[in-house]
Amino acid sequence: MAQQPRYRVKRVYDEPAADDGRRVLVDRLWPRGVSKQAAAIDEWAKEVTPSNELRKWYHDDPDTRRAEFETRYRVELAADAAQAELARLRREAAEEPLTLVTAVKVPEHSHVPILLDELDETPRGGAR
Numbered sequence: 272m273a274q275q276p277r278y279r280v281k282r283v284y285d286e287p288a289a290d291d292g293r294r295v296l297v298d299r300l301w302p303r304g305v306s307k308q309a310a311a312i313d314e315w316a317k318e319v320t321p322s323n324e325l326r327k328w329y330h331d332d333p334d335t336r337r338a339e340f341e342t343r344y345r346v347e348l349a350a351d352a353a354q355a356e357l358a359r360l361r362r363e364a365a366e367e368p369l370t371l372v373t374a375v376k377v378p379e380h381s382h383v384p385i386l387l388d389e390l391d392e393t394p395r396g397g398a399r
């Protein structure tokens, strides 16, 4: 029987650790100044990242646009391709730890908490 999914969050600039499990980049753009080898990324889950348009819109004024950003991002995550990717990530996390890797300075004020919330939700069409 599969375990409860286990998610972690790390900045790409932090040293990879042996207990990270599968390391998944959850940013739309590749982090500046980081080689693929140094990042130790196992996969890049672009389907669950904010679109370029949404990302740029939010970064223009994150202090006043947070609530609207969350609403718009959840709409993007409701799309079929994003739902399929979320389901796949849930399955992986049930087998081994899954570390969501991001370049944002403060992950708590980014798209990452919303993504974690969506990963913790029961997928449409059945139980996890």
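Note that the sequence shown covers residues 272 to 399 in the numbering used here.
Beta carbons are placed, not taken as given, at the ideal position from N, Cα and C, and that holds for glycine.
Bear in mind that the values here come from a model prediction, so they are computed numbers and not experimental data.
- Counting only runs of at least 3 residues, the segment 330-396 fully encloses the following beta strand (DSSP E) elements, listed from N- to C-terminal order: 369-373.
- Listed in chain order, the non-local C-beta contacts of Ala-310 below 6 angstroms within the same chain comprise Val-283, local neighbours out to five positions each way being set aside.
- The three-state reading of DSSP puts Glu-314 in strand, counting E and B together.
- Annotated three-state conformation of Leu-325 is helix, per DSSP.
- Where Tyr-278 is concerned, the enclosing beta strand (DSSP E) starts and stops at 278-282.
- A Cβ-Cβ separation of about 5 angstroms places Glu-356 in contact with Val-319 under the 8 angstroms criterion.
- DSSP places Leu-300 in no beta strand (DSSP E); its state is neither H nor E.
- Taking 8 angstroms as the cut-off, the beta carbon of Arg-293 is found closer than this to the beta carbon of Thr-370.
- When the Cα atoms are used, Arg-299 and Glu-367 turn out to be separated by approximately 24 angstroms.
- Annotation for Asp-313: Arg-293, Arg-294, Val-295 place their beta carbon closer than 8 angstroms to its own, counting only its chain and skipping 5 residues before and after.
- Taking Glu-341 as the centre and dropping the five residues before and after it, the same chain places the C-beta of Ile-385 closer than 7 angstroms to its C-beta, in chain order.
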